[in-house]
Amino acid sequence: QVQLVESGGGLVQPGGSLRLSCAASGSIFSINGMGWYRQAPGKQRELVAAITSGGRTHYVDSAKGRFTISRDNAKNTAYLQMNSLKPEDTAVYYCNAGDDRKWPFDYWGQGTQVTVSS
Numbered sequence: 006q007v008q009l010v011e012s013g014g015g016l017v018q019p020g021g022s023l024r025l026s027c028a029a030s031g032s033i034f035s036i037n038g039m040g041w042y043r044q045a046p047g048k049q050r051e052l053v054a055a056i057t058s059g060g061r062t063h064y065v066d067s068a069k070g071r072f073t074i075s076r077d078n079a080k081n082t083a084y085l086q087m088n089s090l091k092p093e094d095t096a097v098y099y100c101n102a103g104d105d106r107k108w109p110f111d112y113w114g115q116g117t118q119v120t121v122s123s
């Protein structure tokens with residue numbers, strides 16, 4: 006089993022920045038892909054960004070140019086740097102990790118709330 010713990014969410018004004026972190030523990034040998042999904046009220050969960058073991062990244066169109074996903078393999082941690090935040094970015098953000106041959110990956114975190122509002 007893999008445990009994922011997210012941190013870094015909160016309230017930010019439009020145009021501001023936040024950095025989310027996702028720390029993995031447990032059977033981390035099974036992880037080669039890590040990513041972030043989000044779910045806004047009344048909407049389906051959507052992929053925001055993902056990074057594979059080879060360093061290949063994928064972003065939803067609305068995040069391109071504003072968000073950056075990265076990972077520190079030594080710390081078993083993934084990050085999502087979010088800049089130029091907009092009210093429509095408001096959602097619960099979930100960390101996702103596991104075998105990158107199957108999307109979404111196998112394991113989920115509990116989620117962290119991101120609210121963009123003035």
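Last residue of the sequence shown? That's 123 in the working numbering, and every number before it is there in order.
Cβ coordinates follow ideal geometry from the N, Cα and C atoms, glycine included.
So, is residue i buried or exposed, given that buried needs 16 or more other C-beta atoms within 10 angstroms?
i	result
THR117	buried
LEU16	exposed
ARG61	exposed
ASN88	exposed
ILE33	exposed
ASP66	exposed
ASP94	buried
GLU51	exposed
Mind checking whether residue i and residue j have CB atoms under 8 Å apart?
i	j	result
TYR98	VAL121	no
ARG24	GLY40	no
ARG43	ALA96	yes
TYR64	PHE72	yes
GLN86	GLU11	no
Output needed for residue i: all residues of its chain with C-beta closer than 6 Å, excluding positions within five of it in sequence on either side, in chain order.
i	result
THR57	GLY38, ASP105
SER75	TYR84
What would DSSP say about residue i, mapped onto helix, strand or coil?
i	result
ILE33	helix
ALA83	strand
ASP77	strand
SER58	coil
SER67	helix
Using a Cβ-Cβ cut-off of 7 Å (strictly less than) and excluding sequence neighbours within five positions of residue i, which residues of its own chain qualify?
i	result
ALA68	VAL53, ALA54
GLN6	GLY31, SER32
Alpha carbon to alpha carbon, what distance is there between residue j and residue i?
i	j	result
SER26	GLY103	16 Å
GLY21	LYS91	8 Å
PRO59	GLY47	Looking at the sequence shown, residue 59 is not Pro but Gly. Whole-angstrom Cα-Cα distance: 34 Å.
LEU9	PRO19	28 Å
ALA29	THR82	6 Å
GLY70	PRO109	22 Å
ASP77	ILE36	13 Å
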